[in-house]
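Protein chains in written order, with the numbering used here: chain A, 1 to 394; chain B, 1001 to 1394; chain C, 2001 to 2394; chain D, 3001 to 3394. The C-beta atom is built at its ideal place from N, Cα and C for all residues, glycine as well.
Protein chains: 4
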Amino acid sequence: MSSLYTPQQRRAERFEFGLWTVGNVGRDPFGEASREGMPPWRRVEELGALGASAVALHDNDLIPMNATQAERDDILGQFTTSLRKQDMVVGMASCNLFYHRVFRDGAFTASDPKVRAFALQKTMKAIDLGAELGAKVFVFWGGREGAEVDAARDPAQGFEHYRKAINFLCKYVKDQGYPMTFAIEPKPNEPRSDIYLPTIGACLAFITTLDHPEMVEINGETAHTKMAGLNHYHEMKMAFWMNKCNVHQDLNGQKPLRYDQDFKFGSDDPFGSFFHVKMNVDHEYTGWLNFDAHAHRTTSDMGVYRDFAAGNMDNYLMMKEKVAQFDEDRSIQDLYAEINAGDVKLQALMDAYSAAAVGKLRELPLDPEKLADRELKIEALENQVLQLLLGKRD
Amino acid sequence: MSSLYTPQQRRAERFEFGLWTVGNVGRDPFGEASREGMPPWRRVEELGALGASAVALHDNDLIPMNATQAERDDILGQFTTSLRKQDMVVGMASCNLFYHRVFRDGAFTASDPKVRAFALQKTMKAIDLGAELGAKVFVFWGGREGAEVDAARDPAQGFEHYRKAINFLCKYVKDQGYPMTFAIEPKPNEPRSDIYLPTIGACLAFITTLDHPEMVEINGETAHTKMAGLNHYHEMKMAFWMNKCNVHQDLNGQKPLRYDQDFKFGSDDPFGSFFHVKMNVDHEYTGWLNFDAHAHRTTSDMGVYRDFAAGNMDNYLMMKEKVAQFDEDRSIQDLYAEINAGDVKLQALMDAYSAAAVGKLRELPLDPEKLADRELKIEALENQVLQLLLGKRD
Amino acid sequence: MSSLYTPQQRRAERFEFGLWTVGNVGRDPFGEASREGMPPWRRVEELGALGASAVALHDNDLIPMNATQAERDDILGQFTTSLRKQDMVVGMASCNLFYHRVFRDGAFTASDPKVRAFALQKTMKAIDLGAELGAKVFVFWGGREGAEVDAARDPAQGFEHYRKAINFLCKYVKDQGYPMTFAIEPKPNEPRSDIYLPTIGACLAFITTLDHPEMVEINGETAHTKMAGLNHYHEMKMAFWMNKCNVHQDLNGQKPLRYDQDFKFGSDDPFGSFFHVKMNVDHEYTGWLNFDAHAHRTTSDMGVYRDFAAGNMDNYLMMKEKVAQFDEDRSIQDLYAEINAGDVKLQALMDAYSAAAVGKLRELPLDPEKLADRELKIEALENQVLQLLLGKRD
Amino acid sequence: MSSLYTPQQRRAERFEFGLWTVGNVGRDPFGEASREGMPPWRRVEELGALGASAVALHDNDLIPMNATQAERDDILGQFTTSLRKQDMVVGMASCNLFYHRVFRDGAFTASDPKVRAFALQKTMKAIDLGAELGAKVFVFWGGREGAEVDAARDPAQGFEHYRKAINFLCKYVKDQGYPMTFAIEPKPNEPRSDIYLPTIGACLAFITTLDHPEMVEINGETAHTKMAGLNHYHEMKMAFWMNKCNVHQDLNGQKPLRYDQDFKFGSDDPFGSFFHVKMNVDHEYTGWLNFDAHAHRTTSDMGVYRDFAAGNMDNYLMMKEKVAQFDEDRSIQDLYAEINAGDVKLQALMDAYSAAAVGKLRELPLDPEKLADRELKIEALENQVLQLLLGKRD
């Protein structure tokens, strides 16, 4: 059971774990905790030993909601000591706006204006904490922003409240001079029956309505896209294409269209994880790779690190090797090039509109029957990529 | 079996039918046509008699792809005569970029630049035809823009080609002086395994990347949203909220997360159709209401009009009555008001960011426990809306 | 906000609530309890006052897993006193084989034989408790019987262990002379990634492998069927058709293919609830109608009864009125009869196989073209049923 | 692009292709044929050259519905000549009860008794044809047996008609002395909104209601299970466990909960295909392995064989190699054994019920806390199986 990769090899990537992920004790809607867990500082030490570079946290993952100042100082002291010892950082901070019952009908979008105000208060404090800990990314996952009963709130009202809250907080961050980027995380449902901003597409659109869109990006999560049955590679590509995926992404696993499973990255869908890693390589992504997953309930406290945390990182690294092979596989590259062969002159005609271009385009003798006769060897390429994935082209 | 509403009552709405909808002869992946169908001009006459206001069409719904000029003139003559006779218009035009095998790997996003050029050619002609017929809306449904094999094309390449095509065509329309708005229609899959721009959110984001976003809106379709398991009311609300749903929408029915069913509007999901109509009423929507559905294969040629087409319109009108009742139901209105009670002063604090506002917000004595104790009568409201829907509050 | 029906009217039905349903305090995977809840005996009193006839329970809903004998006696005393006071009964009992971490990899199907033995021990005690309380139905919901990792256990091993456990317990019940019927409840996933016996069909098949199939029925649940995207009316009909739905059924609501929502019966899908009630009426079902749902997290402790519990019952009763209307609607009945017109002689030929029947069948001059020309007014019937549902045919 | 396996290696397996699979010309609900296709005899020759052992067919795949006797003889002659030449057989036959519009509301379950009679007529002829061609398996896929409108037919009526039809045909086959096994193929939806017998579980239950259950098995299909979001390995395991999967199975690929995609086996879900092949190996399955898939619309006529048909077989063979590795991997085997360690004495106690066994079981000192402390290395096993799949444990 020796590991495939060393801590040093893992350390070369920007691997991050949420405190809540290795901290998950296996509680679920139908069952109690199945393991004990460890205090935050211990999680840092275990992760550091394995080769992770960073942790992420919600305010209350570290500091309980009603901790005294002394308790706060104590926890922070231990935590930052462990971080320094492991040469790790806090990559991302967030605010828990979902656990307390005050958020049972939303936080930024709650119909009750006092709840919205409380959500702002709490978030400003969480931003301050994040800044204090050096986090350069602040994530918004609006798990309670949604509805079960469409009669009870106009969703447009919800969007508007959401927009105002993010606008307010952007200005707060600028005002404080924090070097912080926001990242919005979509999810279609659970814990609400329908969550606002259900997809990466919706978040990308939402960002364009903000006062400071340049401060706000996407935090896409594999499982959340699959919960809508969509193709995560396509969704994330759109974020990359709109230059909104530079700082943070959540990696995990999920069977499509089920409850939120947050499986270990790579454990369920080799094609999906291969293209995910390929996308990061192709776009030279340098943001955090946050494994937002949790171990199975059958996994022990030590297994959480030895098998689960290490497994996430190694599954990523195995796929990265496959991506390098893909780029060097002559036959695969030839097929890809053949399928995607361009035509510079024709492209130029389509790129820059002019009346003249219209005229030329109209005159082009393009016979659909003849065009359709061209063979497209996509099926052959598909076969070879599977062989590569299975280690049959080494 | 007498109808609930008269043609005159239906005529008061902007009801539109695609030629392909009443023209659907029941062919499906596993079966042949189950009825004969009627020529386009007959469809117009039947729809006019029932009270529809407009038809919509793809170029090839009316003019076969290789019709001669004479055949074209002939068909157009008959068709426009019937329209005039029925006092109907062409509300929307579109271009069929999916049927011919030349589009088997995409049209605007095909990897083959010649296919992309052919798609532009064909679409310019379809736009000209639409303009000639007086259509003020031109819809883009990119049914073939997508993939089965993610290895074969970089989706970002696809998005970029898509963007260039729409940019080109926007300029074409402006150049020709056509009074035409574009509307993009999302769909998550079928006939491709994954279609680009799968959701309304993705389309709204895409529009912001265009050179002329002001010319482009959303054409949301009930079934397509449900094929991704999302809440169509929420999705459409976002389009309304971003002012991108003014000219056209597709109404139909669909069981979530199945093959594209295109059922009769209102036939499957009373809550969904109620909130859809309520949204249109609340936003004073004045664009086309296009029933993009088709009759069951068991329905006869006459049933297509008598039961299917009339049914779509009447289901809409029944829901419109329910919406009026909702607005007048004292108890429902009181519950809604109680749940959504605002706080002008507090709202003002959150609306306009300032350092002072931050200070005041921070100081507000908001106790989450106390806020959480407030009763929210959402469940009671839910009960009453069901009673209203079932006709038990008349 | 006065109720549609009186407690007396509700009492005429066999309405049952699980202690865990009205006892649900709104805890979910992402949030704490949102209300306080009431002790079991109080739940009984509240339910009785509303007109419910019975409660259902898991052993640990009533008696905590490590209660002393004295605590047990105390709780039972209060509980049975309240039942008597309200003239209510315990309709169904069950055993909690999912909450404790010992069941994290299954109970009857756990790979560890000691866990399987413990599950049998615990279930025998729960059966004894059920018998003591007069429950005539004992339900098996195998929430933990399943897997996340298919490599870790052969599912056939799981089925075999499951079969042996039910066989053992059937014999135990017979041996004790308890007048008790078992009912197996399917679910496709959650809390396990894949649960064994995921559908009503799978349970019906499983029952036929048992030593005492005559003692075992189905406990179908709306939400669980919809979590597999199936038609609950069809699934339940199969159970009725195989005479395996006589004693118990779970009614609730659910958006298809999402996390387990357990919404109020009737609150989400009027067509689904109409056909559910119609099926019960048509089959003269006299078993328990168990509302296995929970109130929204936004609902208060009093709202749980006033709006949620009453709502379940009233939604059922509203649908029952619609079913009566359906049976009396001349036009609907005529359409149904026309569509389903039989042919006694022809049927007889198909019912009893003989060489002679084969000969006659072969000779029958059946022209598919002519048969296909017959009009089927299914679309018209569909319209009228919607009108009926919406109260437009009163 | 040379192949991984030789025709001889493929020939060692019982690989079968439906005539309709390689014969698929790429027609879909939104598009015309994208390739020409080949006559049946040519398909046989191409498949034979690649190493397939058998073909499967519906009556009308070979003989058009209104062929003359002369045409029939002609087609049969060419076809059987090619089979002999290639040393291939017809593994399975079926009857097309879905294409003609006469079946628009069902075949065996149509409300119209004349349609049911016609379905029996047609099926008897198809059985005769299958017998003539030597097919030992006859498959029933009830694609049109279902509904869009639940008001129009009682599903129990549908089940009853279905049962009678299969009973009739079982007796017919016995009477004719054909050495033929029936296999029923489930599907949840498409082309009907809801199809009766939607899952393997439902079919297994249905079979137990028949007069000759010993003649009837399951024909499970990967895509059909995934269209209900279920785990195909679990579903098929239940069929094996009930001894109902000995003669035929359909292998392909499918993204869960979408339109029927029928992708190439192994092309989409490496874990799924690995466990499928492992199951066949473990159960020493000797029935037909029917690739019920079709090539992408982008694939040419030659690509259908070179890339698609060969790909199906090679993907199976690659997985078979992995299964052998799994069985020989010491660490994987040790982990599996540790997780599944039995206890003969304890098992014996649970296997044979007796009052004494109950007594002993009751007395067993089983402490759930202690049992729950045992480590289960399922997560470690999961990691190693992924490594094996990716070729990292060679």
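Query                                                                                                                    : Result
Alpha helix (DSSP H) segments (min. 4 residues) lying fully within the stretch 120-188 of chain A                        : 155-176
Through-space distance from Gly2031(C) to Arg101(A), alpha-carbon basis                                                  : 7 Å
Three-state secondary structure assigned by DSSP to Glu1190(B)                                                           : coil
Cβ-based burial, Trp2020(C) [other Cβ within 10 Å; buried from 16]                                                       : buried
Completely contained beta strand (DSSP E) runs for the stretch 9-81 of chain A, where each covers 3 or more residues     : 15-18, 54-58
Cross-chain neighbours of Leu2257(C) in chain A, by beta carbon under 7 Å                                                : Leu257
Length of the line joining the Cα atoms of Leu349(A) and Asp2373(C)                                                      : 53 Å
Distance, Gly220(A) Cα to Met236(A) Cα                                                                                   : 7 Å
Residue interval of the beta strand (DSSP E) (run including Ser3094(D))                                                  : 3089-3094
Beta carbon proximity, Glu2382(C) to chain B, threshold 8 Å                                                              : yes
Nearest to Val3090(D) (by Cα), restricted to the options Asp3194(D), Thr3209(D), Ser3082(D)                              : Ser3082(D)
C-beta neighbour in chain D for Gly1031(B), strict 8 Å                                                                   : yes
Alpha-carbon to alpha-carbon, Gln1176(B) and Asp1059(B)                                                                  : 18 Å
Whole-Å CB distance - Leu4(A) paired with Gln3086(D), under 8 Å assumed                                                  : In fact, because the Cβ distance is near 45 Å, the residues do not count as touching under 8 Å.
Test item: CB-CB of Lys1114(B) and Leu1097(B) under 8 Å                                                                  : no
Test item: CB-CB of Phe2140(C) and Phe2079(C) under 8 Å                                                                  : no
Alpha helix (DSSP H) runs contained entirely in the stretch 2271-2330 of chain C, provided each spans 4 or more residues : 2310-2328
Cross-strand partners of Asp3250(D) (DSSP beta bridge)                                                                   : Glu3221(D), Asn3290(D)
Closest residue to Val1304(B) among Gly2342(C), Leu2251(C), Lys2377(C), Asn2340(C) (Cα-Cα distance)                      : Lys2377(C)
Contact list for Ala1372(B) against chain A, beta-carbon separation under 8 Å                                            : His100, Arg101, Val102, Arg104
Proximal residues of chain A, C-beta to C-beta of Thr2109(C) below 8 Å                                                   : Within 8 Å Cβ-Cβ: nothing; Thr2109(C) doesn't reach chain A, min ~13 Å.
Reduced DSSP category for Gly2106(C) - H, G, I as helix; E, B as strand; rest coil                                       : strand
Nearest-angstrom Cα separation, counted from Pro3256(D) out to His3232(D)                                                : 11 Å
Cβ of Ile2063(C) within 8 Å of any chain D Cβ                                                                            : no
Reference Val2323(C); option with closest CA among Leu2389(C), His2296(C), Cys2095(C), Arg2362(C)                        : Leu2389(C)
Neighbour list for Leu1390(B) in chain C, Cβ cutoff strictly below 8 Å                                                   : Pro2270, Met2318, Lys2322, Leu2389, Leu2390, Gly2391
Chain-ordered chain D contacts of Gly1342(B) [CB-CB under 8 Å]                                                           : Those do not exist, as Gly1342(B) stays about 41 Å from chain D at its closest Cβ, beyond 8 Å.
8 Å Cβ cut-off: residues of chain A touching Ile3378(D)                                                                  : His296, Thr298, Thr299
CB-CB length for Ala2293(C) against Asn2252(C), believed under 8 Å                                                       : 4 Å
8 Å Cβ cutoff met for Ser193(A) and Gly146(A)                                                                            : yes
For Asp2231(C), the first and last residue of its enclosing alpha helix (DSSP H)                                         : Checking the sequence shown, residue 2231(C) turns out to be Asn, not Asp. Run containing Asn2231(C): none; DSSP gives neither H nor E here.
Three-way DSSP call (helix, strand, coil) for Phe1265(B) in this model                                                   : coil
Local Cβ density within 10 Å of Asp1351(B), reported as buried at 16 or more and exposed below that                      : exposed
N-terminal and C-terminal residue of the alpha helix (DSSP H) that Asp3367(D) is part of                                 : First-last for Asp3367(D): undefined, no H or E at that position.
Touch test, the stretch 9-20 of chain A against the stretch 44-60 of chain A, Cβ-Cβ under 8 Å, three pairs minimum       : yes
Where Thr1109(B) falls, given that 16 or more other Cβ within 10 Å makes a residue buried                                : buried
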